[in-house]
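Residue numbers (this note's numbering), protein chains in the order written: chain L, 1 to 336; chain W, 1 to 253. Backbone N, C-alpha and C fix where the C-beta goes; we use that ideal spot for every residue, glycine too. Here is the structure we will look at.
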Amino acid sequence: MQAWQKLLIVAALATIIVVAGTLVYFNYFAKRRLFISTTTSLYDTGLLDEIEKDYEATHNVDLNIVAVGTGIAIQHAQNGDADIVLVHSPSVEKTFLEDGYGVNRKIIAYNFFTIVGPEDDPAGIEGKTITEALDGIVAYGDSLADQSGQTQIWVSRGDNSGTHSKEKNLWSKAGYDYETITQKPWYASTGQGMGATLNIANEKEAYCLADIGTYLKFYTDGSIALPALITEEQSLLNVYSVMAVSPTVAANQSIHEKISFDDAMEFIEYLVSPEIQQLITDFGKDTYGQSLFTGAVQPLKDNAPQPLISWVQDYAFFDGSECPQQYRNGYADLYT
Amino acid sequence: MADVLGDIVEALQLIVTGDPEILGIVSRSLLFSGTAVILAILWGTPLAMLIAMKDFRGKTVIKTFLNTLIGLPTVVLGLILFLIFSRGGPLGFLGLLYTPAAIMIGQAILVTPILVSIGVSAIESVDPEIMSLSKTLGASESQAQVAVLKEAASGIILSDLASFNRAIGELGVVLLVGGNIAGFGNRTDVLTTAISRNVQIGETGLAIALGILLVLILFTINIIVVVLRKANYIVELAKGPYAKLKRSRETKR
Numbered sequence: 001m002q003a004w005q006k007l008l009i010v011a012a013l014a015t016i017i018v019v020a021g022t023l024v025y026f027n028y029f030a031k032r033r034l035f036i037s038t039t040t041s042l043y044d045t046g047l048l049d050e051i052e053k054d055y056e057a058t059h060n061v062d063l064n065i066v067a068v069g070t071g072i073a074i075q076h077a078q079n080g081d082a083d084i085v086l087v088h089s090p091s092v093e094k095t096f097l098e099d100g101y102g103v104n105r106k107i108i109a110y111n112f113f114t115i116v117g118p119e120d121d122p123a124g125i126e127g128k129t130i131t132e133a134l135d136g137i138v139a140y141g142d143s144l145a146d147q148s149g150q151t152q153i154w155v156s157r158g159d160n161s162g163t164h165s166k167e168k169n170l171w172s173k174a175g176y177d178y179e180t181i182t183q184k185p186w187y188a189s190t191g192q193g194m195g196a197t198l199n200i201a202n203e204k205e206a207y208c209l210a211d212i213g214t215y216l217k218f219y220t221d222g223s224i225a226l227p228a229l230i231t232e233e234q235s236l237l238n239v240y241s242v243m244a245v246s247p248t249v250a251a252n253q254s255i256h257e258k259i260s261f262d263d264a265m266e267f268i269e270y271l272v273s274p275e276i277q278q279l280i281t282d283f284g285k286d287t288y289g290q291s292l293f294t295g296a297v298q299p300l301k302d303n304a305p306q307p308l309i310s311w312v313q314d315y316a317f318f319d320g321s322e323c324p325q326q327y328r329n330g331y332a333d334l335y336t
Numbered sequence: 001m002a003d004v005l006g007d008i009v010e011a012l013q014l015i016v017t018g019d020p021e022i023l024g025i026v027s028r029s030l031l032f033s034g035t036a037v038i039l040a041i042l043w044g045t046p047l048a049m050l051i052a053m054k055d056f057r058g059k060t061v062i063k064t065f066l067n068t069l070i071g072l073p074t075v076v077l078g079l080i081l082f083l084i085f086s087r088g089g090p091l092g093f094l095g096l097l098y099t100p101a102a103i104m105i106g107q108a109i110l111v112t113p114i115l116v117s118i119g120v121s122a123i124e125s126v127d128p129e130i131m132s133l134s135k136t137l138g139a140s141e142s143q144a145q146v147a148v149l150k151e152a153a154s155g156i157i158l159s160d161l162a163s164f165n166r167a168i169g170e171l172g173v174v175l176l177v178g179g180n181i182a183g184f185g186n187r188t189d190v191l192t193t194a195i196s197r198n199v200q201i202g203e204t205g206l207a208i209a210l211g212i213l214l215v216l217i218l219f220t221i222n223i224i225v226v227v228l229r230k231a232n233y234i235v236e237l238a239k240g241p242y243a244k245l246k247r248s249r250e251t252k253r
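Pasting the structure below:
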């Protein structure tokens with residue numbers, strides 16, 4: 001036998017040892033892993049860190065949180081690489097349920113998006129309605145002397161995240177074709193997370209749609225100087241939901257049977273419990289002087305405060321329910 | 001970027017006080033990339049020997065191909081490996097996605113072209129006389145190949161260090177197949193991904209601290225290379241067996 005052949009055998013053995021060692025470790029020695037694909041806004045504010053710490057102290061499960069945009073989170077779930085998705089884009093969620101990938105949806109929290117912009121507000125949008133504000137931004141953008149693309153006054157996530165689909169939604173509600181807007185020389189798309197996008201908007205002194213959680217975190221610690229110009233309007237409502245990935249997807253049976261459905265449901269029941277709902281509502285109050293999120297479970301049961309709850313129902317309910325009967329799989333107590 | 005100075009001060013404080021978060025991230029980086037490079041050395045060295053010592057058709061094509069792969073964008077390899085390791089992919093049944101093993105194997109594959117390519121040049125530049133000389137002295141084919149390999153040691157060690165540099169500084173593979181999972185369980189976040197994440201969430205001080213440490217690690221490795229070269233240590237080391245052979249040939253005469 002030649003030297004390189006002997007060495008190759010050693011290499012193959014070493015590779016097998018690394019792989020086998022990892023598999024043995026994760027299957028027999030580590031806690032069970034539960035994969036959560038989540039939108040960046042929940043993660044970047046530190047809320048999920050808090051929840052993870054509390055959950056892992058009381059449960060024999062290792063939460064593996066992969067923070068991506070809503071679009072990618074849904075894709076991970078379709079590939080069977082996530083057991084749970086935590087997202088904020090009702091239209092995307094509806095498709096996800098209809099395609100049979102997700103079950104047992106629960107609305108867990110809400111807050112508002114905000115439109116931020118430069119201090120001197122050259123487009124004059126402060127205090128206006130969304131439609132007027134977007135009109136103002138388009139008029140200002142089109143009136144700029146420099147139309148070469150050097151001066152950009154609107155920064156978009158451009159990453160198919162929940163925030164990005166909200167932005168598309170707002171443009172079309174205001175009567176604009178989103179495709180046309182993206183071609184404007186004053187429109188910039190970052191393709192990155194909320195934090196990176198806010199930083200870019202800040203550097204460019206541009207307007208930008210942001211979730212209030214990430215915005216407050218960056219604004220409070222002085223990373224960005226852009227004030228929030230429009231807040232708490234019905235069309236800026238932001239609703240976070242959790243869904244378990246279905247273990248019985250007809251299209252991908254072999255992949256999805258490995259989903260940890262029971263662990264996923266245990267985590268969902270934990271998220272909707274009164275203690276954790278309170279934790280969500282209180283999160284950030286000390287640091288930012290206001291809640292970043294409001295737990296939605298009890299308000300939806302009480303049907304109060306109004307008109308907020310009817311806004312949530314208008315925006316994020318499907319056929320009058322947060323999860324219509326055909327998209328449920330056991331755990332009826334979640335919906336009583 | 002309001003308070004850069006404050007962030008830098010915070011970064012230095014974190015480093016000096018040996019923040020456990022930072023120590024964890026640095027040690028994961030060293031462990032994952034170190035194991036990856038060891039794996040790559042184990043399978044890259046025999047491949048380099050095979051390509052350099054055997055004559056076969058298409059040798060030039062393979063060498064050119066390897067040289068091209070050296071510059072492969074890490075995120076492209078990351079994407080390919082993600083699709084392979086994903087539960088829906090060909091190796092999905094192993095359940096390796098988002099585990100350290102996926103990162104180690106991914107980075108090992110990433111640096112293999114560098115190792116093999118530099119390794120082939122190093123072996124080919126060894127005096128061909130050594131092979132025949134060892135055989136004359138009664139060495140088996142295998143022993144003769146090892147003798148040549150020892151002669152090429154200096155080049156091979158340099159390629160190992162270059163590989164480690166690339167592995168520890170890359171972002172694409174470790175982000176896509178590792179998932180950058182932080183938290184309190186089994187983590188897969190390393191220096192590069194943690195820097196990216198912490199800039200994203202406004203923890204600039206922590207990001208700067210990690211950046212400083214990453215650069216320090218790279219700097220240290222390069223100092224080692226320079227020192228080794230300057231002391232001519234590797235050359236002497238490599239010359240060892242050849243000199244021994246020569247001596248023994250002379251005594252035989």
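Own chain residues within Cβ distance below 7 Å of residue i, not counting five before or after
{"i": "L/PHE218", "result": "GLY195, LEU198, ILE224"}
{"i": "L/LEU229", "result": "ILE115, VAL116, GLY117, ASP121, ILE125, GLU126"}
{"i": "L/SER172", "result": "TYR178"}
{"i": "W/LEU12", "result": "none"}
{"i": "L/PRO90", "result": "VAL239, TYR315, ALA316"}
{"i": "L/ASP81", "result": "PHE35"}
Buried versus exposed call for residue i [16 or more other C-beta atoms within 10 Å across all chains shown]
{"i": "W/MET1", "result": "Per-residue confidence for W/MET1 stands at a pLDDT of 48, beneath the threshold of 50, marking its modelled position as unreliable; no derived number is given."}
{"i": "L/ASN79", "result": "buried"}
{"i": "W/VAL9", "result": "exposed"}
{"i": "L/PHE293", "result": "buried"}
{"i": "W/ARG57", "result": "exposed"}
{"i": "L/GLY193", "result": "buried"}
{"i": "L/SER310", "result": "exposed"}
{"i": "L/SER143", "result": "exposed"}
{"i": "L/GLN152", "result": "buried"}
Contact under 8 Å by Cβ, residue i with residue j
{"i": "L/ARG105", "j": "L/TYR288", "result": "no"}
{"i": "W/VAL177", "j": "W/PHE32", "result": "no"}
{"i": "L/ASN60", "j": "L/ARG33", "result": "no"}
{"i": "L/ASP135", "j": "L/ALA174", "result": "yes"}
{"i": "L/PHE113", "j": "L/ASN238", "result": "yes"}
{"i": "W/LEU110", "j": "W/ARG166", "result": "yes"}
{"i": "L/THR45", "j": "L/THR70", "result": "no"}
{"i": "L/GLY295", "j": "L/GLN306", "result": "no"}
{"i": "W/ALA255", "j": "W/ILE195", "result": "A query on residue 255 of chain W cannot be resolved here, the shown segment of chain W reaching from 1 to 253 and no further."}
{"i": "W/GLY44", "j": "W/LEU149", "result": "no"}
{"i": "L/ILE200", "j": "L/THR214", "result": "no"}
{"i": "W/ILE224", "j": "W/VAL120", "result": "no"}
{"i": "L/TRP4", "j": "W/GLN145", "result": "yes"}
Rounded straight-line distance, which links the Cα of residue j to that of residue i
{"i": "L/HIS164", "j": "L/LEU300", "result": "26 Å"}
{"i": "L/LEU337", "j": "L/VAL103", "result": "The structure shown has nothing for residue 337 of chain L, since chain L only spans 1 to 336."}
{"i": "L/VAL291", "j": "W/GLY202", "result": "With the sequence shown as reference, residue 291 of chain L is identified as Ser, and Val is not the correct amino acid for it. So the alpha carbons of these two residues sit roughly 19 Å apart."}
{"i": "L/ASP159", "j": "W/VAL226", "result": "44 Å"}
{"i": "W/VAL126", "j": "W/ALA152", "result": "6 Å"}
{"i": "L/TYR240", "j": "W/LEU72", "result": "39 Å"}
{"i": "W/THR112", "j": "L/LEU8", "result": "13 Å"}
{"i": "L/GLY141", "j": "L/SER161", "result": "24 Å"}
{"i": "W/GLY6", "j": "W/THR220", "result": "27 Å"}
{"i": "L/ASP333", "j": "W/ALA108", "result": "49 Å"}
{"i": "L/VAL249", "j": "L/VAL92", "result": "18 Å"}
{"i": "W/THR204", "j": "W/ASP55", "result": "54 Å"}
{"i": "L/ILE276", "j": "W/PHE184", "result": "18 Å"}
Anticipated Cβ contact below 8 Å, residue i with residue j, distance rounded
{"i": "L/SER246", "j": "L/ASN329", "result": "7 Å"}
{"i": "L/ILE130", "j": "L/TRP154", "result": "Actually they are not in contact, since the Cβ atoms of L/ILE130 and L/TRP154 sit about 14 Å apart, beyond 8 Å."}
{"i": "L/LEU47", "j": "L/ILE280", "result": "7 Å"}
{"i": "L/LYS94", "j": "L/PHE318", "result": "5 Å"}
{"i": "L/TYR335", "j": "L/MET265", "result": "At roughly 13 Å, the Cβ-Cβ gap does not stay under 8 Å, so L/TYR335 and L/MET265 are not in contact."}
Neighbourhood of residue i by C-beta, 8 Å cutoff - its chain only, sequence neighbours within 5 removed
{"i": "L/ALA139", "result": "ALA123"}
{"i": "W/ILE103", "result": "PHE32, ALA36, VAL173, VAL174, VAL177, GLY178, THR188, VAL190"}
{"i": "L/ASP262", "result": "none"}
Within chain A, partners of residue i - CB distance below 8 Å
{"i": "W/LEU96", "result": "The chain inventory of the structure shown lacks chain A, comprising the protein chains L and W."}
Other residues of its chain near residue i: CB distance less than 6 Å, five sequence neighbours each side excluded
{"i": "W/PHE93", "result": "none"}
{"i": "W/ALA76", "result": "The amino acid occupying residue 76 of chain W in the given sequence is Val; Ala does not appear at that position. So no residue of the chain qualifies."}
{"i": "L/CYS323", "result": "ARG105"}
{"i": "W/LEU83", "result": "GLY89"}
{"i": "W/VAL26", "result": "LEU213"}
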